[in-house]
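Mapping of the sequence shown onto my numbering: residues -6 to 214, in sequence order.
Please read the structure below before turning to the comments.
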Amino acid sequence: MSAAMIVLGIVGTPASGKSTVAAHLQSKGAAWINADLIARDVLHQQAVTDKLAEHFGSDILGDDGTIQRSKLAALVFGKSAQQQAALDYLESVIHPPTRIEITRQLQAAAKSGAQVALLDVPLLFESAWDRSCDAIWCIDAPREMRLKWSENRGWDAAELDRREVNQTAIAEKRRLSNVILDNDATLSDLLKIVDSQWQILVTMGSIGPDDSAPPHCLTDN
């Protein structure tokens, strides 16, 4: 990748406002590489659909023959050994083509002259994508606010917990990040802080994840 392009990783708790921050940064010129959208496209590849249906059964398919993500999620998200094994298999199928596409999009962003590529990968640390980042921002929010926002996705509290349990603990994400955005006030407050940190990022360059300086804990307080 071009040395001039900053790769910014974004992590956080589910339903904390990561997509809101990412969309805002995209409006400011960042090349948003959305691993969730890439993985959804991978799920629609016929070879992947066939492989998953063979393993999990045809019940995961809708009437149109495509994978129903809600049914698949019920099988793979949770604490049980069976769900963990199912998640491991799912990741073994979709992660390789997803990684290839993420790499392709990073290269395309660098070639286009983008100043910042936003690497939005839910399992950033688990899949070692943090090693490709020049800086990492962590977005967090109080549980009661995340529960309210998750309703817009059709999730209840149990669904939110199932998705969160398979990710690196938020305390560890915060520790490994350079900038922490606590989304506990208004949208306007959040975006003001995002704009400030964006300006620092693009004018002063990136701060490596291994830098000894402590992260910036940012709230409205």
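Even for Gly, the Cβ is constructed at its ideal location relative to N, Cα and C.
Can you grab the Cα-Cα spacing for the pair residue i / residue j, in whole Å?
i, j, result
"THR42", "LEU68", "15 Å"
"ALA16", "LEU184", "11 Å"
"ILE31", "LEU117", "14 Å"
"SER51", "ALA150", "28 Å"
"ALA128", "LYS141", "29 Å"
"CYS131", "THR13", "13 Å"
"SER105", "SER85", "31 Å"
"LEU83", "GLU144", "25 Å"
"ASP133", "SER73", "26 Å"
"PRO115", "ALA40", "24 Å"
"ASP175", "ARG168", "14 Å"
"ALA102", "SER189", "23 Å"
"ILE186", "ASP81", "37 Å"
"ALA(-3)", "GLN160", "31 Å"
"CYS64", "ALA78", "One point to set straight first is that residue 64 is Lys, not Cys, in the sequence displayed. Computed Cα separation, rounded: 16 Å."
"ASP57", "VAL172", "44 Å"
Could you check if residue i is buried or exposed, using at least 16 other CB atoms within 10 Å of its CB as the buried criterion?
i, result
"LEU45", "buried"
"ASN27", "buried"
"THR215", "Not covered by the structure: residue 215. The range shown for the chain is -6 to 214."
"LYS166", "buried"
"PRO207", "Confidence at PRO207 is low in this model, with a pLDDT of 37, below 50, so the placement of that residue should be treated as unreliable; the coordinate-derived value is given next. Answer is exposed; the Cβ neighbour count stays below 16."
"THR91", "buried"
"ALA162", "exposed"
"GLY55", "exposed"
"ASP123", "buried"
"SER20", "exposed"
"ALA24", "buried"
Does the distance from the C-beta atom of residue i to that of residue j stay below 8 Å?
i, j, result
"THR6", "GLU152", "no"
"SER120", "HIS88", "yes"
"TRP191", "LEU36", "no"
"GLN108", "VAL195", "yes"
"LEU112", "GLY2", "yes"
"VAL0", "SER170", "no"
"ALA8", "ARG155", "no"
So residue i is in the alpha helix (DSSP H); what residue range does that whole segment cover?
i, result
"LEU174", "LEU174 -> not in any alpha helix (DSSP H); beta strand (DSSP E) instead, spanning 172 to 175."
"ILE31", "28 to 36"
"TRP142", "136 to 143"
"ALA164", "163 to 169"
"LEU18", "11 to 20"
"ARG146", "Unbroken run through ARG146: none, as it is neither H nor E."
"LEU116", "Here LEU116 belongs to no alpha helix (DSSP H), and DSSP marks it neither H nor E."
"ASP154", "150 to 158"
"ASP123", "From DSSP, ASP123 is part of no alpha helix (DSSP H); its letter is neither H nor E."
Between residue i and chain D, is there a C-beta pair that is closer than 8 Å?
i, result
"TRP122", "Going by chain labels, chain D is absent from the structure shown, which holds only one protein chain."
With residue i as the anchor, note down where its beta strand (DSSP E) starts and where it stops.
i, result
"ILE253", "Given a span of -6 to 214 for the chain in the structure shown, any question on residue 253 remains unanswerable."
"ALA110", "109 to 113"
"ALA128", "128 to 133"
- request: Write down every uninterrupted run of the alpha helix (DSSP H) in the region 57 to 81 whose length is 4 residues or greater and which is fully enclosed by it, in chain order.
  value: Within the region 57 to 81, the complete alpha helix (DSSP H) runs of at least 4 residues are 62 to 69.
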